[in-house]
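Each remark here refers to the structure printed beneath this line.
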Amino acid sequence: MVPSEKMKKELKRKYLPDNYRHDIFLKINNFRQRDLSVVEFNAEFDNLMLKGDVAELEEQSMAGYLGGLNYEISNVVQLQPYWSLNDVCKLAIKVEKQQKEMRSRGSKYGSREGFANNGNTSSSKPTAVTKTMLSPAPSVLHIVISQGQDVDDEVGGIYLSILKLI
Numbered sequence: 001m002v003p004s005e006k007m008k009k010e011l012k013r014k015y016l017p018d019n020y021r022h023d024i025f026l027k028i029n030n031f032r033q034r035d036l037s038v039v040e041f042n043a044e045f046d047n048l049m050l051k052g053d054v055a056e057l058e059e060q061s062m063a064g065y066l067g068g069l070n071y072e073i074s075n076v077v078q079l080q081p082y083w084s085l086n087d088v089c090k091l092a093i094k095v096e097k098q099q100k101e102m103r104s105r106g107s108k109y110g111s112r113e114g115f116a117n118n119g120n121t122s123s124s125k126p127t128a129v130t131k132t133m134l135s136p137a138p139s140v141l142h143i144v145i146s147q148g149q150d151v152d153d154e155v156g157g158i159y160l161s162i163l164k165l166i
C-alpha cells in the first residue's frame, strides 16, 4: 500500500464515524431533484458519490441518478439511447433546457385541442379530441389522443399512438 493511501485510510478510520459510508449511501438512494436544476442536481449527486467513495457499477449509478431526477425529465431521458452516466447527465440537461424553452414559448410550439360536434348541438360529448405536442426537435415524441363515436367503448374510447420522427 502506498504511504499516502495508508495515511488516508488511517485518517478516515480515526476521524469519520463508523456509519459515515452507510449514511452517504442512504443519502444517495434517497436524493431527489425536486426544485434543483439538472446542473445543480448533477453537482450534488457527484458530490455524494465522491463523499461516499462509491465504486458501484455504472448501471447502478445510472439507475440511482434517473430515479432521483424529476419524472418529466427522467421519463424523456429514458426514451433516448445512452451508454454511460455522463450520457444520461448530458441528456437530462438537454431535456430540461428544451422543456424550459417550450414553456416559455407557450402556444408557438405548445398544444392544440380541437373538438368537433358534427352539427349535433344536443350532445355534450365531443366526437373527436386531438392533442398534439409539437416540438422543433425531431427526436421528441408526438402524442395523438383521439376519442369519438366510432371508437370502441369497451376500450374506454381513448387511443394513444406514439410516433417518433426520424
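Quick note: the sequence shown, position 96, residue 96 per the UniProt record's numbering, numbers continuous.
Here a beta-carbon is modelled for each residue, glycine too, at the ideal position from N, C-alpha and C.
Treat the numbers as computed from the prediction; the structure is a model and nothing was measured.
Pick from the options that is closest to residue i, judged by C-alpha positions
i, options, result
"ILE93", "SER104, SER74, GLY64, GLY106", "SER74"
"ASN86", "ARG105, SER61, LYS97, GLY106", "SER61"
"GLY83", "GLN98, ARG105, GLU58", "Note on residue identity: the sequence assigns Trp, not Gly, to residue 83. Comparing Cα positions, the closest option is GLU58."
"ASN47", "SER4, GLU56, ILE28, ASP35", "ILE28"
Residues near residue i in its chain [Cβ-Cβ closer than 6 Å; skip 5 each side]
i, result
"VAL70", "This sequence places Asn at residue 70; Val is not what is there. Cβ within range, chain order: GLN33."
"LYS100", "none"
"residue 209", "As displayed, the chain neither begins before 1 nor continues past 166, which places residue 209 out of reach and without an answer."
"LYS125", "Its pLDDT being 47, under 50, LYS125 is placed unreliably in this model, and the value from its coordinates should be taken loosely. Result list for LYS125: empty, nothing under 6 Å."
Where residue i sits in the DSSP three-state scheme
i, result
"ASN70", "coil"
"PHE31", "coil"
"ASP87", "helix"
"GLY64", "helix"
"VAL76", "helix"
"SER37", "coil"
"ALA55", "coil"
"ASN19", "coil"
"VAL95", "helix"
"PRO81", "coil"
Expected contact under 8 Å - CB spacing of residue i and residue j to nearest Å
i, j, result
"PHE31", "GLY52", "PHE31 to GLY52, Cβ: 11 Å. No contact."
Sequence-distant residues of the same chain with beta carbon closer than 8 Å to residue i, five excluded per side
i, result
"VAL77", "LEU66, LEU69, VAL88, LEU91, ALA92, VAL95"
"ARG13", "none"
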